[in-house]
């Protein structure tokens, strides 16, 4: 039996039970190095046993735990958490799946209905849309020009009015 | 729903005389809606769990926080609990997971703290005194314990966790393996390496 195997077997039995096994005991009896390791192992366990922390729970432990639990539960009472719980419930699985499918279909329907409005473009694609923009700009310019011309005409026609008003004021 | 008063109630069953299966039964009853069973589990396991976590992190405040967190996880996981292993295996798996995550997240802080230590022996400033039976407890014993703490703290996290479960929580290889998600042979190997490291580190005291 190899020393390493013996030492591992010794560790596996903290109470020294492994030493009671004949093969292990024979090896340790005939191997000074393993005998020293076995003695050190026993002393190490005694040393480790002496580490007993003088640590008590704080008086607030239970209160703090209860508070944590309450906070965690409150956090889990929102509609999203409720929906998650409801979906996770094994009893309502089929119903959940049906409703989830209906919801998904509803969302798809809304998306389809909204698509033409979002993507409304004149026939002809993007190039036509650009041309349309230019045409609209030209139309606006024409309308503005007409407005300016009409404005000039209006100014000419209404020019004598201030004099009339001043006469009336007098 | 657990209310504050329930946790402080001392139950007659809150001793270590209950069998291992009783823990799992308490958990199942809690799962079924008996909130007082959670209180019993907390009362039975809070102190050993606190000591396990304290030996891992060697900080009393952090140990208490992580102990509470472990019980909170138990509370929140009640619906998913199944009796696959001993309750303590499950509990210590949760605790190990939380503790190892904490150590990893705060590794840099602990390193910088250790650089700031002014004591000649490098003892952690937030270490608590350890119980010393007899009148001869003094500087020498305190120094020996400080070395033990440092040697344990110096182990890699999984080795440390395995040694503490094995040595102080009385868990066997299968339970430790289940808690650390290791095979039994891997657990034996892990423990062997850990104990050999401790033996080498503390050889002058042995």
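Chains as they are written, first to last, in our numbering: chain X, 3 to 172; chain Y, 78 to 283.
Virtual Cβ for every residue (Gly too), placed ideally from N, Cα, C.
query                                                                                                             : result
C-alpha gap between residue 125(X) and residue 106(X), whole angstroms                                            : Caution is warranted here: a pLDDT of 44 is assigned to residue 125(X), below 50, making its placement in the model unreliable, and the coordinate value is therefore given only provisionally. In a straight line, the C-alpha of residue 125(X) is about 31 Å away from that of residue 106(X).
Assumed close pair residue 245(Y), residue 163(Y) - CB separation to whole angstroms, cut-off 8 Å                 : That pair is no contact at about 16 Å.
Neighbour flag for residue 71(X) against chain Y, beta carbons, 8 Å                                               : yes
Interface residues of chain X facing residue 129(Y) [CB-CB closer than 9 Å]                                       : Per Cβ cutoff of 9 Å: no residues; residue 129(Y) is ~10 Å from chain X at best.
N-terminal and C-terminal residue of the alpha helix (DSSP H) that residue 24(X) is part of                       : 24-32
Contacts of residue 42(X) in chain Y (Cβ-Cβ under 8 Å)                                                            : 276, 280 and 283
Any 3 or more C-beta pairs closer than 8 Å across the segment 35-43 of chain X and the segment 109-127 of chain Y : no
Option nearest residue 174(Y) by Cα separation, candidates 268(Y), 130(Y) and 156(Y)                              : 130(Y)
Listed by chain order, chain X residues near residue 225(Y) by CB distance under 9 Å                              : 49, 50, 52 and 53
Exposed unless 16 or more other CB atoms sit within 10 angstroms - verdict on residue 51(X)                       : exposed
Pairwise C-alpha distance: residue 111(X) and residue 260(Y)                                                      : 52 Å
Distance between residue 229(Y) and residue 220(Y) (C-alpha atoms, nearest Å)                                     : 14 Å
7 Å Cβ shell around residue 33(X) - same chain, five flanking residues per side excluded                          : 5
Beta carbon proximity, residue 130(X) to chain Y, threshold 8 Å                                                   : Residue placement at residue 130(X) cannot be trusted, given a pLDDT of 36 that sits under 50; the coordinates are not used to answer.
Short Cβ contact (8 Å threshold) for residue 224(Y) with residue 282(Y)                                           : yes
Residue-level contact to chain Y via CB, residue 45(X), 8 Å cutoff                                                : yes
Beta-carbon neighbours of residue 152(Y), restricted to chain X and to distances below 8 Å                        : 71 and 74
Under 7 Å by beta carbon: chain Y residues contacting residue 37(X)                                               : Within chain Y, no residue comes near residue 37(X); the closest Cβ sits about 14 Å away, beyond 7 Å.
Within 8 Å, strictly: CB atoms of residue 46(X) and residue 279(Y)                                                : yes
Residues within the segment 156-177 of chain Y neighbouring chain B, beta-carbon criterion of under 8 Å           : The displayed structure is made up of protein chains X and Y, and chain B is not among them.
Exposed unless 16 or more other CB atoms sit within 10 angstroms - verdict on residue 104(X)                      : exposed
Test: residue 23(X) CB closer than 8 Å to a CB of chain Y                                                         : no
Member of 75(X), 115(X), 7(X) and 13(X) whose CA lies at the smallest distance from the CA of residue 275(Y)      : 13(X)
Element boundaries [alpha helix (DSSP H), containing residue 159(Y)]                                              : Residue 159(Y) -> no alpha helix (DSSP H), and no H or E assigned at all.
Range covered by the alpha helix (DSSP H) that runs through residue 228(Y)                                        : 216-230
Selection from 151(Y), 264(Y) and 143(Y) that minimises the alpha carbon distance to residue 116(Y)               : 151(Y)
Residue-chain proximity (residue 107(Y), chain X), Cβ-Cβ < 8 Å                                                    : no
Beta-carbon proximity of residue 166(Y) to residue 252(Y), cut-off 8 Å                                            : yes
Neighbouring residues, chain Y, relative to residue 57(X) (Cβ below 7 Å)                                          : 127, 128, 131, 137 and 205
Three-state secondary structure (DSSP) of residue 55(X)                                                           : strand
C-beta atoms of residue 3(X) and residue 25(X) nearer than 8 Å                                                    : yes
Beta-carbon neighbours of residue 34(X), restricted to chain Y and to distances below 8 Å                         : Those within 8 Å of residue 34(X) in chain Y number zero; the least Cβ separation is about 16 Å.
Environment of residue 85(Y) [buried if 16+ CB atoms lie within 10 Å]                                             : For residue 85(Y), the predicted model reports a pLDDT of 38, less than 50, meaning its position is unreliable and no value from the coordinates is stated.
Sequence ranges, alpha helix (DSSP H) only - wholly within the segment 91-147 of chain Y, length at least 4       : 97-108 and 112-134
DSSP three-state assignment for residue 246(Y), whether helix, strand or coil                                     : coil
Closest Cα partner of residue 186(Y) within the set 134(Y), 98(Y) and 270(Y)                                      : 134(Y)
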